[in-house]
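These notes are about the structure you will find just below.
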Amino acid sequence: MSDWVSLFSGGKDSSWALYRALQEDLDVSRLLTVHPAGDSYMYHTPATELAGLASESVGIDLVEVAPDDFGADDVDDAGAQGDAELEPMEAALREMAADGDCDLVGVTAGAVESEFQTSRIQGMCDRLGIDLFAPLWREDPVELAEAMFDAGFEIRIVQVAAYGLDESWLGRRYDADALDDLLDLRAEYGVHPLGEGGEFETYVVDGPHMDRRIAMETDTVWEGDRGHLSVRNARLV
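Each residue of the sequence shown is one higher than the last, beginning at 179 in my numbering.
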């Protein structure tokens, strides 16, 4: 057996990479979620606590790296912090590869444009001697978004941090109407239509690769010019 691991946050990009891997008949046997303790250069941060529900709905086992395994707090530059942030992920993959039940051959990643992230993930794969499947890499962002919509992904915006994105965007469905508004904001403020610059973060609550939908009860946390949804309760329905 040739096992693939999906680097998974539950956001739209990692979920799309997983979905495309399954479409390509890659044998994805595990999801790997890293839970950052705070802001991160390498990882999607909001709502990662829902990964267990997403894993159950997708039907693929989940491996989680806890925040206290992170260990990048005292690093004083972005490059060094990015390297440090990668260490717990690489350690988890090495542990999987050493497991007799896992013949690790590759990982999936949802990188779109970030050389910072992708070069580090590729370097990790090179060190581990495994492949990288990155189906979003350098694809047109609008076409990617439209492909997600056409496939039936239900995507919710769970965090915003950019000019033009106010409190009303939190919890909004990321769909064709939202994309049209984001394209207007790109023209006015430079907002990336996929949120690639950290302008917004998403969570996939339903899709063709999921057996059940994730229902969330949330509170809005607004901090003047940015905000996020705090998940009070979540379940599969």
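We put the beta carbon where it would ideally sit given N, CA and C, even for glycine.
For L414 and L360, the rounded distance between their alpha carbons: 29 Å
Using 7 Å as the threshold, is the C-beta distance between A270 and V241 below it? yes
Please name the residue or residues paired with I335 in a DSSP beta bridge. T380
Can you give the beta carbon distance from A195 to G288, rounded, assuming they're within the 8 Å contact cut? 4 Å
Taking the beta carbon of T211 as the centre, do at least 16 other beta carbons fall within 10 Å, making it buried, or is it exposed? buried
Identity of the residues DSSP links to H406 by a beta bridge: Q337 and V399
Local conformation of E366 per DSSP, three classes: helix
Once DSSP output is grouped into helix, strand and coil, what is the label at W315? coil
Just how far apart, CA to CA, sit H213 and A244? 5 Å
Taking 8 Å as the threshold, find out whether the segment 397-405 comes into contact with the segment 343-351 through three or more Cβ pairs. yes
R298: buried (16+ other C-beta within 10 angstroms of its C-beta) or exposed? buried
DSSP state of M326, grouped into three classes? helix
Hey, out of W182, S193 and S187, whose CA is closest to L204's CA? W182
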